[in-house]
Amino acid sequence: MAEELEVKELDQVVVRFSGDSGDGMQLAGNIFSTVSATVGNGISTFPDYPADIRAPQGSLTGVSGFQVHIGAGKVYTPGDLCDVLVAMNAAALKTQYRYAKPQATIIIDTDSFGPNDLKKAAFQTEDYLGEMGIDPDRVIQCPLTTMVKDCLKDSGMDNKAVLKCRNMFALGLVCWLFNRDLNLVANFLRDKFAKKPAIAENNIKVVQAGFDYGHNTHASVPATYRIESKSKVPGRYMDITGNKATAYGLIAAAEKAGLRLYLGSYPITPATDILHELSKHKSCGVITVQCEDEISGCASSVGAAFAGALAATSTSGPGICLKSEAMNLAVIDELPLVIIDVQRGGPSTGLPTKSEQTDLLQALYGRNGESPMPVIAATSPTDCFDAVYSAAKIALEHLTPVILLTDAFIANGSAAWKLPTMEELPAIKPHYATPEMKDHYTPYFRDEETKVRYWAIPGQEGYTHILGGLEKDGKTGAISTDPENHDMMTRLRAEKVAKIPVPDLEVAGDADADLLIVGFGSTYGHLYSAMEELQKKGYKVAQAQFKFINPLPKNTADVLLRYKKVVVAEQNMGQLAVYLRSKVDGFVPEQFNQVKGQPFVVSELVNAFENILKK
Numbered sequence: 199m200a201e202e203l204e205v206k207e208l209d210q211v212v213v214r215f216s217g218d219s220g221d222g223m224q225l226a227g228n229i230f231s232t233v234s235a236t237v238g239n240g241i242s243t244f245p246d247y248p249a250d251i252r253a254p255q256g257s258l259t260g261v262s263g264f265q266v267h268i269g270a271g272k273v274y275t276p277g278d279l280c281d282v283l284v285a286m287n288a289a290a291l292k293t294q295y296r297y298a299k300p301q302a303t304i305i306i307d308t309d310s311f312g313p314n315d316l317k318k319a320a321f322q323t324e325d326y327l328g329e330m331g332i333d334p335d336r337v338i339q340c341p342l343t344t345m346v347k348d349c350l351k352d353s354g355m356d357n358k359a360v361l362k363c364r365n366m367f368a369l370g371l372v373c374w375l376f377n378r379d380l381n382l383v384a385n386f387l388r389d390k391f392a393k394k395p396a397i398a399e400n401n402i403k404v405v406q407a408g409f410d411y412g413h414n415t416h417a418s419v420p421a422t423y424r425i426e427s428k429s430k431v432p433g434r435y436m437d438i439t440g441n442k443a444t445a446y447g448l449i450a451a452a453e454k455a456g457l458r459l460y461l462g463s464y465p466i467t468p469a470t471d472i473l474h475e476l477s478k479h480k481s482c483g484v485i486t487v488q489c490e491d492e493i494s495g496c497a498s499s500v501g502a503a504f505a506g507a508l509a510a511t512s513t514s515g516p517g518i519c520l521k522s523e524a525m526n527l528a529v530i531d532e533l534p535l536v537i538i539d540v541q542r543g544g545p546s547t548g549l550p551t552k553s554e555q556t557d558l559l560q561a562l563y564g565r566n567g568e569s570p571m572p573v574i575a576a577t578s579p580t581d582c583f584d585a586v587y588s589a590a591k592i593a594l595e596h597l598t599p600v601i602l603l604t605d606a607f608i609a610n611g612s613a614a615w616k617l618p619t620m621e622e623l624p625a626i627k628p629h630y631a632t633p634e635m636k637d638h639y640t641p642y643f644r645d646e647e648t649k650v651r652y653w654a655i656p657g658q659e660g661y662t663h664i665l666g667g668l669e670k671d672g673k674t675g676a677i678s679t680d681p682e683n684h685d686m687m688t689r690l691r692a693e694k695v696a697k698i699p700v701p702d703l704e705v706a707g708d709a710d711a712d713l714l715i716v717g718f719g720s721t722y723g724h725l726y727s728a729m730e731e732l733q734k735k736g737y738k739v740a741q742a743q744f745k746f747i748n749p750l751p752k753n754t755a756d757v758l759l760r761y762k763k764v765v766v767a768e769q770n771m772g773q774l775a776v777y778l779r780s781k782v783d784g785f786v787p788e789q790f791n792q793v794k795g796q797p798f799v800v801s802e803l804v805n806a807f808e809n810i811l812k813k
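Each step along the sequence shown adds one to the number in the numbering used here, with nothing skipped, and position 57 is 255.
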């Protein structure tokens, strides 16, 4: 029996799984992050995969990665660089080593580093470690493919099926390295392959083999590691992606409002998982329709809103372009509609599997005519639940379409999430027509204070009305081309949105900061981490992250004008900065802009903000 290694306790660690698109790196990373969340660790994940449906095996362009940051406490980002890199083939090592710390442990499958593999990965010599300047003492060199074949030789599986289990061996080795309970892995696999129990058991066998390999050989490492949770709040937890959290938030909002949920959608990366997830929940009264195109997806949702449902449509930036006419119909009809834009790299098809924040101005202004809409931006995978719930509440209580901005980073990324109870969620009270309005109801009769019209559902006796894309008379609801009426209706629609109450802008960090870091949506974790790093260096820094963008929080001007220096950091060329300058007189911020399709790197933010502080 192998001598036991020392077990060291860590506060945090970053692991990156990488290999061919068909090597199951997303699944291995997802299982490891789920197991970590289950034991109470904080997690943040970053799936990084190519746009190719199936790139040539072993090619540099076909490498898929999954990075997970695990912490004893709350984790805000997937980490800049990894402590452990799993490279399933030569191409993965070549392309992913740049994401590893200089002292990182590297796990490789030596069976996938043959002459042909090295040639595909553009290595010049067979000494691939020396060529990349990697110390062999930091590399766990394992004949992984051979060992998986030996493990499953009596399983009855064909060679192709056996090779698909290689990711589980790597997962088992990583689980050994971090003292993870394999029972949790087994439970995950049995649940995932519930209809194929033989596949589940074979994968579990391979995970155990990987774990045993590390335990019996010690895999050339000085110690194994444990990450203990610092605090555990009682409750049910799960590892949840932003897209799944968005789906759950819509279901919860419909339940709270007492309405059926309707989603009209068309598949598009990276938003499709919302449609997939909601389609599983017919038992909750959810109706999903995969329409023939983006236009019909949105138009059908407008019809569902008219009919009295909580209506939603999900897409990415290119789909928002196509949906804009139907979205405008919801504006002039003043119907409740939740529009989810999972932003990706653009323009056009751009970088369909990568992340940007480049749809902000499109969400605010990208329609014909004066067409104000509330805009909300989710700040994390788990916040997608709260953000879409808020969007639904605003839509139903203020009779307006609402845009929710997420992006590929938080939509595909995941974090540990404590499931709320329905009692904890705020009430949603749709702005229905009152019984007193029966027989003299008109569709644009409004609440005098909020300017919200009253919602009558078709089929209600005494509430007959017509809505449509032509301007209507504010009193009678009849079609009107009167210039004074159009001016009035335009102003009322804008005033209604402007009057929607949203929470004040919160500021984290030093009250007397010399620099305020401002962002919106999904960059929250990176900007917060940069603030903390600057504070460790002795700087006075604060952070304000916009979640509610239209209308802006009432204290926006007070916050932005309070500090000596302000930097607006965003993954576009300055769209939030332009918007804030237009809304706050005298506001002239510094800017930090990147459009790389990748999340911010905290160390780069720290350097940039430090240079601003030194000016």
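Glycine is no exception: its CB is placed at the ideal position from the N, C-alpha and C atoms.
Predicted model only: the values in this text are computed from it and were never measured.
Am I right that residue i and residue j are in contact with their C-beta atoms under 8 Å? What's the rounded C-beta distance?
i: VAL764; j: LEU758; result: 6 Å
i: ILE191; j: LEU369; result: For residue 191 there is no data in the structure shown, the boundaries of the chain being 199 and 813.
i: THR632; j: TYR661; result: Contact flag wrong, Cβ pair sits at about 10 Å.
i: ALA443; j: THR308; result: That belief does not hold up - the Cβ atoms of ALA443 and THR308 are roughly 40 Å apart, past 8 Å.
i: LEU597; j: ALA589; result: Contact flag wrong, Cβ pair sits at about 14 Å.
i: ILE304; j: VAL337; result: 5 Å
i: ASP708; j: ALA740; result: 5 Å
i: ALA249; j: SER219; result: Going by Cβ atoms, the distance from ALA249 to SER219 rounds to 10 Å, so no, they are not a contact pair.
Can you tell me where the beta strand (DSSP E) with residue i in it begins and where it stops?
i: PRO245; result: 240-246
i: MET286; result: Here MET286 belongs to no beta strand (DSSP E), and DSSP marks it neither H nor E.
i: MET355; result: It is not in any beta strand (DSSP E) - MET355 carries neither H nor E in the DSSP assignment.
i: ALA510; result: 508-513
i: GLY217; result: 210-218
i: SER612; result: 612-616
Between the Cα of residue i and those of the options, spot the shortest distance and give me the residue it belongs to.
i: ASP221; options: VAL211, ALA507 and SER262; result: SER262
i: MET620; options: PHE583, GLN255, MET525 and ALA509; result: PHE583
i: VAL419; options: VAL205, PRO641 and TYR737; result: VAL205
i: MET330; options: ASP389, SER499, THR259 and PRO300; result: PRO300
i: LEU562; options: ALA589, VAL586 and VAL600; result: VAL600
i: SER501; options: VAL484, PRO534 and LYS478; result: Sequence inspection shows Gly at residue 501; the Ser mentioned does not correspond to that position. The option with the nearest alpha carbon to GLY501 is PRO534.
i: ALA469; options: ASP710, LYS394, ARG542 and GLN339; result: ARG542
i: GLU788; options: LYS794, VAL800 and ALA775; result: ALA775
i: HIS479; options: ALA445, ALA285, VAL695 and LEU279; result: ALA445
i: ASN314; options: LEU342, GLN255, ALA270 and LEU527; result: GLN255
Less than 8 Å between C-beta atoms, sequence neighbours within five positions excluded: which residues of the same chain meet that for residue i?
i: ASN753; result: ASP702 and LEU703
i: ASN401; result: CYS363, MET366, LEU387 and PHE391
i: ILE493; result: LEU520, LYS521, GLU523 and ALA524
Can you list, in chain order, the residues of its chain with a C-beta nearer than 6 Å to that of residue i? Leave out the 5 residues immediately preceding and following it.
i: ILE268; result: VAL211, SER234, ASN239, ILE241 and ILE425
i: ASP246; result: GLY263
i: GLY227; result: PHE215, PHE264 and VAL266
i: LEU803; result: ALA728
i: LEU461; result: LEU476, THR486 and ALA510
i: GLY495; result: GLY462, SER463, TYR464, CYS489 and THR511
i: GLN773; result: LEU558 and LEU559
What is the rounded straight-line gap between the Cα of residue i and the Cα of residue j?
i: ALA692; j: SER553; result: 31 Å
i: ILE306; j: ALA417; result: 11 Å
i: LEU713; j: PHE744; result: 17 Å
i: LEU375; j: VAL282; result: 10 Å
i: PHE798; j: THR679; result: 50 Å
i: MET199; j: THR415; result: A caution first: MET199 carries a pLDDT of 43, below 50, which makes its placement in the model unreliable, though a value can still be read off. Going by the C-alpha atoms only, they are around 10 Å apart.
i: TYR274; j: THR243; result: 10 Å
i: ALA606; j: SER612; result: 11 Å
i: VAL431; j: PRO624; result: 21 Å
i: ARG644; j: HIS629; result: 10 Å
i: SER498; j: GLU453; result: 21 Å
i: THR467; j: ASN770; result: 19 Å
i: GLY506; j: ILE655; result: 5 Å
i: ILE438; j: ARG296; result: 28 Å
i: HIS638; j: ASP671; result: 15 Å
By Cβ distance below 7 Å, which residues in the same chain neighbour residue i in space, the five residues on each side in sequence not counted?
i: PHE785; result: LEU758, LEU759, LEU778 and ARG779
i: ALA815; result: Given a span of 199 to 813 for the chain in the structure shown, any question on residue 815 remains unanswerable.
For the alpha helix (DSSP H) containing residue i, name the first residue and the last one.
i: GLU532; result: Taken as a continuous stretch (DSSP letters only), GLU532 belongs to no alpha helix (DSSP H), as it is neither H nor E.
i: THR444; result: 440-455
i: ASP471; result: 470-476
i: ASP348; result: 342-349
i: ILE493; result: 492-504
i: LEU690; result: 681-696
Strictly under 9 Å for the Cβ-Cβ distance: is residue i near chain C by that measure?
i: LYS351; result: Annotation note: the requested chain C is absent from the structure, which comprises a single protein chain.
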